[in-house]
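Notes to accompany the following structure.
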Amino acid sequence: MAHEHDSGSTPVEGAQYDFAAIQSKWLPIWDELKPFATADPDDKRPRKYVLDMFPYPSGDLHMGHAEAYALGDVIARYWRQQGFNVLHPIGWDAFGLPAEGAAIKRNLDPRDWTYDNIAQQKASMRRYAPSFDWDRVIQTCDPDYYRWNQWLFLKLYEKGLAYRKASQVNWCPFDQTVLANEQVVNGRCERCDNLVTKKKLTQWYFRITDYADRLLDDLKQLEGAWPSKVLSMQRNWIGRSTGADVQFAIEGRDEAVTVYTTRPDTLYGVTFMVVAPDSDLAAELVEGARPEVRERFDEYLAAVRGTTEMDRLSTEREKTGVFLERHAINPLTGERIPIWAADYVLSDYGHGAIMAVPAHDQRDLDFARAFDLPVRVVVDTNQPVTGVIPVIPVDPETGEPTMPEDAPLENPSETGVALTGEGRLINSGPFDGLSKSNAIRRVTEALQGSGLGETAKNFRLRDWLISRQRYWGTPIPIIHCEKCGEVPVPESELPVLLPPAEGLDLKPKGTSPLGAAEDWVNVSCPTCGGPAKRDADTMDTFVDSSWYFLRFLSPKDDTQAFDPREAEKWAPVDQYVGGVTHAILHLLYSRFITKVLFDMGSISFTEPFTALLNQGMVLMEGSAMSKSRGNIVKLSEQLDEHGVDAVRLTMAFAGPPEDDIDWADVSPSGSAKFLARAWRVAHDVTSAPDVVWKNGDSALRRVTHRFLADAPGLIEAFKFNVVVARLMELVNATRKAIDTGAGPADAAVREAAEVTAMALNLFAPYTAEDMWEILGYEASVALAQWRKADPTLLIEESVTAVVQVDGKVRDRVEVSPKISGDELEVLARASEAVVRSVGDREIVNVIVRAPRLVNIATRPKG
1 MAHEHDSGST
11 PVEGAQYDFA
21 AIQSKWLPIW
31 DELKPFATAD
41 PDDKRPRKYV
51 LDMFPYPSGD
61 LHMGHAEAYA
71 LGDVIARYWR
81 QQGFNVLHPI
91 GWDAFGLPAE
101 GAAIKRNLDP
111 RDWTYDNIAQ
121 QKASMRRYAP
131 SFDWDRVIQT
141 CDPDYYRWNQ
151 WLFLKLYEKG
161 LAYRKASQVN
171 WCPFDQTVLA
181 NEQVVNGRCE
191 RCDNLVTKKK
201 LTQWYFRITD
211 YADRLLDDLK
221 QLEGAWPSKV
231 LSMQRNWIGR
241 STGADVQFAI
251 EGRDEAVTVY
261 TTRPDTLYGV
271 TFMVVAPDSD
281 LAAELVEGAR
291 PEVRERFDEY
301 LAAVRGTTEM
311 DRLSTEREKT
321 GVFLERHAIN
331 PLTGERIPIW
341 AADYVLSDYG
351 HGAIMAVPAH
361 DQRDLDFARA
371 FDLPVRVVVD
381 TNQPVTGVIP
391 VIPVDPETGE
401 PTMPEDAPLE
411 NPSETGVALT
421 GEGRLINSGP
431 FDGLSKSNAI
441 RRVTEALQGS
451 GLGETAKNFR
461 LRDWLISRQR
471 YWGTPIPIIH
481 CEKCGEVPVP
491 ESELPVLLPP
501 AEGLDLKPKG
511 TSPLGAAEDW
521 VNVSCPTCGG
531 PAKRDADTMD
541 TFVDSSWYFL
551 RFLSPKDDTQ
561 AFDPREAEKW
571 APVDQYVGGV
581 THAILHLLYS
591 RFITKVLFDM
601 GSISFTEPFT
611 ALLNQGMVLM
621 EGSAMSKSRG
631 NIVKLSEQLD
641 EHGVDAVRLT
651 MAFAGPPEDD
661 IDWADVSPSG
671 SAKFLARAWR
681 VAHDVTSAPD
691 VVWKNGDSAL
701 RRVTHRFLAD
711 APGLIEAFKF
721 NVVVARLMEL
731 VNATRKAIDT
741 GAGPADAAVR
751 EAAEVTAMAL
761 NLFAPYTAED
771 MWEILGYEAS
781 VALAQWRKAD
791 PTLLIEESVT
801 AVVQVDGKVR
811 DRVEVSPKIS
821 GDELEVLARA
831 SEAVVRSVGD
841 REIVNVIVRA
851 PRLVNIATRP
861 KG
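For what it's worth, the UniProt record's numbering labels the leading residue of the sequence shown as 1, then goes sequentially.
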């Protein structure tokens, strides 16, 4: 709707673009208008849910936030202009170690530190002007949020998906807390970068492995909509393999040991067994051993516990181990094989024990050579595995298979190189001559027939360890009673509130600080009424973020975690935006919880995020920003110097979203100059909003409508930088039309200026809103619908062909879109600029891409 007093207004002489004044003007107006509210039940527009990964309140917004929220906002604003009711919420991922550590350092309550940071970030976020619905804000440290974390825990507990067990866990000695496997990066704590060790503790887990197949198979739903790199990372982390569980009897033990192997075809090549030294099995097998064996084992185990998992798995390390003086029985051959404890086997792989086939596994071979153990070749990698099975030569006297003299097999015990290639079985009794795939099937069938094995799957994925020995997190809603055992807190008593931090020692010490809050931890058992204690651990903060996208749908509902009716309207998320650093942990956990909620009947979808965009990092001079490098760029200073719109536009223009941005290589000052140029175009328009556009300059209108036609596809392909470049071309064309004859009253100039304002809304909302008002319209330009391109203006009467000589542009020629390659080459060769550039050099090649390009390659004559 137009302002009557603005229609046909004259340009303001000497008007200056003042980004600070424009920001101060529009922010309170938007607060009053609430253009991005989504609560109206009568809104009939189709819906889109666009979500940015919510921030952690660790101080003010930084340059990484600036990129993420600028890019996500382009998408949200775009879909709103396409006629959608767009839900674009924001909140804070507010629990966790960083806040607790910062509070301890400053002798503060984590609550005070966290809420102060949230207030600071919220003020900065409002200034930055993403199109958030500010009526839907959530903070995960609020009791009315973490109450539903506890509800979710109880639902998983009811289904047997939450359980407590003693096991070897990743332990951060610095933070004095356990870590999930996903939180250990290159053997170090992802939070503090200190080396991680192993420790046996009783901890809470979510049984994510029950969903491993679905988590893997459902990735097919996301192909083409998630980055292929992320899909590969998810697949690799889940790590499904197929093979067999094989039962190895242990001398002196009633129960057999189950060994998982992907190569049951190599069972005849097993010459020893290896168990993880920190496994329960190893501890059991060494019981009753000779004192010197037990002493060697204890010393070895102590050394292993101080070694990182990455070091243990390294192929470069010298192999170490201890013979346990126990033997297993090969289920196929009946052969006695020695059992060793060695650190290259992990207690949480398979069943904590492996059958060692040194001839065909490099780590087994390295171990065998280190301790002079037998190496038996059972796969002839010289024999073909395709076509007809060859006849195996047989020794007439012994009846044993023999190798052709012209194909000697290398001996791995001598070469030190395992034979890992394809081939056919030898030295394997009735299975000789079989290819690998056939042998795997036949050996597994034989094991099943004798009750000594069965087909099995294994996963790299391990159950999600969720308990943490820290204060600032969601209390686990379980009460421990000596009489009744584990007792869930009744739902009617949720939330279990965190006690005040005052009087508690929050410093890391290996046990939860909540255990010392006696008035809080000591309670009556809900079942028997006897004395009991609350569970003193808190939940991993990835529980908070695993379902937060659903809480945004009904953030003020105090009767349920989320309203299923709202989930049916809005979810799943149509477009998720965030860093690739969360490609495994957060995304995997969110996918798991979504499937659990689907099985509970709470939602009707199985994947939380339909499409995913990962933005790159913001660097400075090629490196990640850090205080130690002295290359920190403060976002607040950039906003003060260049303005919000210039920073946002720079983020979009810097390159493809997934690429890193080096702030040293971009120009926010250049962006500010462009915005001023665009803003002045609006000031130069003197025609009224209802002017008849078709009477305007046709050349400018063609540029405008080509932009209208091309921009949507570019935005949906995340080519934001190309859209900005095309917008700059449109502004230049408009300025040229104003300066060279069309005049500010020309209808085509108004049309171009209005389209510029609408497009700038995606990248520079303050400038766009001010232009929209200058052009005679009421706020907000963000709600203006994207205009349809006139197809008659998209028909090109001529195109510009670029002529290059040796890769350098020498001329531009206006030609028909239908010109042939031969005709275009003739024109290019006849160009005076080309003739001068070629001079006396010899033309050796001409590449023609009609109607747009001619490239002439030359070289010196003679």
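Using N, Cα and C, we set each Cβ at its ideal position, and we do this for glycine too.
In this text, all values refer to a predicted model and were calculated from it rather than measured experimentally.
In chain order, what residues of the same chain have a beta carbon less than 8 Å from the beta carbon of residue i, not counting five sequence neighbours either side?
i	result
D112	A103
F598	S604, F605, T606
P851	V799, A801, V815, S816, P817, K818, I819, L824
R312	V304, D343, Y344, L346
V388	Because the pLDDT of V388 is 44, which lies under 50, any placement of that residue in the model is unreliable, and the question is left without a value.
Leaving out the 5 sequence neighbours to the left and right, which residues in its chain are closer than 6 Å to residue i when beta-carbon positions are compared?
i	result
D790	H705
P390	Model confidence at P390 stands at a pLDDT of 49, short of 50, so the residue's coordinates are unreliable; what they give is reported in the following sentence. Contacts found: none.
Hey, residue i and residue j are a contact pair by Cβ (cut 8 Å); roughly how many whole angstroms apart?
i	j	result
D662	G622	6 Å
Q168	K200	5 Å
N768	V781	Correcting the residue identity first, residue 768 is Ala in this sequence and not Asn. The pair is a contact, with the Cβ atoms about 5 Å apart (cut-off 8 Å).
L649	L675	7 Å
Y548	L504	No, Y548 and L504 are not in contact; Cβ-Cβ is about 27 Å, not under 8 Å.
R191	L285	36 Å between Cβ atoms; not a contact.
Y260	G243	6 Å
G269	H327	Actually they are not in contact, since the Cβ atoms of G269 and H327 sit about 17 Å apart, beyond 8 Å.
Roughly how many whole angstroms lie between the Cα atoms of residue i and residue j?
i	j	result
P110	G485	32 Å
I29	A166	58 Å
F54	P555	15 Å
R376	V322	21 Å
D144	D93	14 Å
G579	S228	14 Å
D537	C525	18 Å
L639	R127	9 Å
M620	S636	16 Å
E518	E158	28 Å
A68	A76	13 Å
V848	G821	6 Å
E414	R369	9 Å
P338	F367	13 Å
K788	T541	46 Å
A748	K694	8 Å
R164	Y205	6 Å
V357	T209	28 Å
L514	D60	29 Å
I478	P488	5 Å
D18	D645	11 Å
D659	E223	20 Å
A446	P264	10 Å
E493	D558	13 Å
G8	R680	Any reading at G8 is ruled out, since the residue's pLDDT is 40, under 50, leaving its predicted position unreliable.
Please name the residue, chosen from the options, that lies closest to residue i on a Cα-to-Cα basis.
i	options	result
T444	S435, D640, T455, V844	T455
residue 901	I238, R207, F653	As displayed, the chain neither begins before 1 nor continues past 862, which places residue 901 out of reach and without an answer.
R147	A709, V357, V543	V543
D298	E318, S279, A516, R106	S279
A611	E637, Y576, T594, C189	Y576
G416	P98, S437, L373	L373
W79	P490, P46, C189	P46
residue 891	A516, K155, P490	Any question about residue 891 goes unanswered here, given that the chain covers just 1 to 862.
M63	A764, T511, M651, D432	M651
L762	K509, S131, T202	S131
A583	R735, E842, I238	I238
V647	Q81, A129, A99	A129
Below 7 Å CB to CB, which residues in the same chain sit around residue i once its five sequence neighbours on both sides are set aside?
i	result
K553	What sits at residue 553 in the sequence shown is Leu, not Lys. Once the five neighbours on either side are set aside, the close Cβ partners of L553 are F562, D563, E566, A567, W570, A571.
P495	P143, Y146, R147, Q150
(message) Give the list of continuous alpha helix (DSSP H) stretches no shorter than 4 residues that lie fully inside the stretch 703-781.
(response) 720-739, 747-760, 765-774
(request) Ignoring anything shorter than 4 residues or poking outside the stretch 518-553, list the alpha helix (DSSP H) runs there in chain order. (result) 518-521, 541-545, 548-551
(request) Could I get the ranges of all uninterrupted beta strand (DSSP E) runs contained in the stretch 63-103, with 3 residues as the minimum, in chain order? (result) 85-87
(request) Run through the stretch 126-187 for me and flag every whole alpha helix (DSSP H) of 4 or more residues, listed as ranges in chain order. (result) 143-158
(request) Kindly provide the ranges of any alpha helix (DSSP H) runs that are 4 or more residues long and lie completely inside the stretch 602-643, ordered along the chain. (result) 635-642
(request) Write down every uninterrupted run of the alpha helix (DSSP H) in the UniProt domain "Leucyl-tRNA synthetase editing" (235-382) whose length is 4 residues or greater and which is fully enclosed by it, in chain order. (result) 280-286, 291-305, 309-313, 362-370
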